[in-house]
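Number 1480 in the working numbering belongs to position 109 of the sequence shown; there are no gaps in the numbering. Just so you know, even glycine gets a beta-carbon here, dropped at the ideal spot from N, CA and C. Remember, predicted model here, so these are calculated numbers, not experimental data.
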Amino acid sequence: MQIPGGRKASVMEQQSHALPHYGCFSCCKEHANEDVERMLLGNKCDMEDKRVVPKAKGEQIAREHNIRFFETSAKANINIEKAFLTLAEDILRKTPVKEPNSENVDISSGGGVTGWKSKCCS
């Protein structure tokens, strides 16, 4: 997430406490689709000795905005994959599944895949 001036927020910045007041959440609500998936990430959680923003504050902000919260560290690879997969699963859960039917699947030509040949139906 970015704050004014293009800087990224982390658990090491006191200014991160004010993220909702900078308009990050309201901007998303105003300009994104109503059902857009949002997630709050507290980055650099591996730098506990320099922490300024308590984990409880991130959890509180996430609860107030009804979104998920993860503390992450790209450097130490903490919760990066979990956050990504959780977000992807949440998006997929909202995405309607289209069932194949005879009008949109052509099994005689490899289902539309170029260069594909069936081993059983050649």
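Please tell me whether A1454 and F1441 are closer than 7 Å, where the distance is taken between their beta carbons. Working through the sequence shown from its first residue, we reach residue 1454 at position 83. Working through the sequence shown from its first residue, we reach residue 1441 at position 70. Against a cut-off of 7 Å, the Cβ pair of F1441 and A1454 comes out as a contact.
Taking only the alpha-carbon atoms, compute the straight-line gap between H1436 and I1451 and give it to the nearest angstrom. Residue mapping note: residue 1436 aligns to position 65 of the sequence shown, counting from 1. Residue mapping note: residue 1451 aligns to position 80 of the sequence shown, counting from 1. Rounded to whole angstroms, H1436 to I1451 spans 21 Å at the Cα level.
Contact defined as beta carbons within less than 8 Å: I believe L1411 pairs with G1429. What is the distance between those atoms, to the nearest angstrom? As a working note, residue 1411 is residue 40 in the sequence shown. As a working note, residue 1429 is residue 58 in the sequence shown. About 6 Å separates the CB atoms of L1411 and G1429; that is less than 8 Å, so the two are in contact.
Could you check what DSSP says for E1452 in three-state terms: helix, strand or coil? To locate residue 1452, count along the sequence shown from 1; it is residue 81. Note: E1452 maps to helix in three-state DSSP.
Here's a check: name, in chain order, each residue in its chain whose Cβ is nearer than 8 Å to the Cβ of C1399, leaving out the five neighbours to either side. Here the question's residue 1399 lines up with position 28 in the sequence shown. For C1399, the CB contacts under 8 Å within the same chain, skipping 5 residues up- and downstream, are V1407 and R1409 in chain order.
Own chain, CB closer than 7 Å to K1446, minus 5 neighbours either side, in chain order: Translated into positions along the sequence shown, residue 1446 becomes position 75. Sequence-distant partners of K1446 (beyond 5 residues in either direction) whose C-beta falls short of 7 Å from its own C-beta, in its chain, are D1417.
I'd like to check one pair, S1397 with K1415: are the Cβ atoms closer than 7 Å? Residue 1415 sits at position 44 when you count from the first residue of the sequence shown. Residue 1397 sits at position 26 when you count from the first residue of the sequence shown. No. Outside cutoff.
From R1439 to V1423, what does the alpha carbon distance come to, in whole angstroms? Numbered from its first residue, the sequence shown carries residue 1439 at position 68. Numbered from its first residue, the sequence shown carries residue 1423 at position 52. Using only the alpha carbons, I get a separation of about 21 Å.
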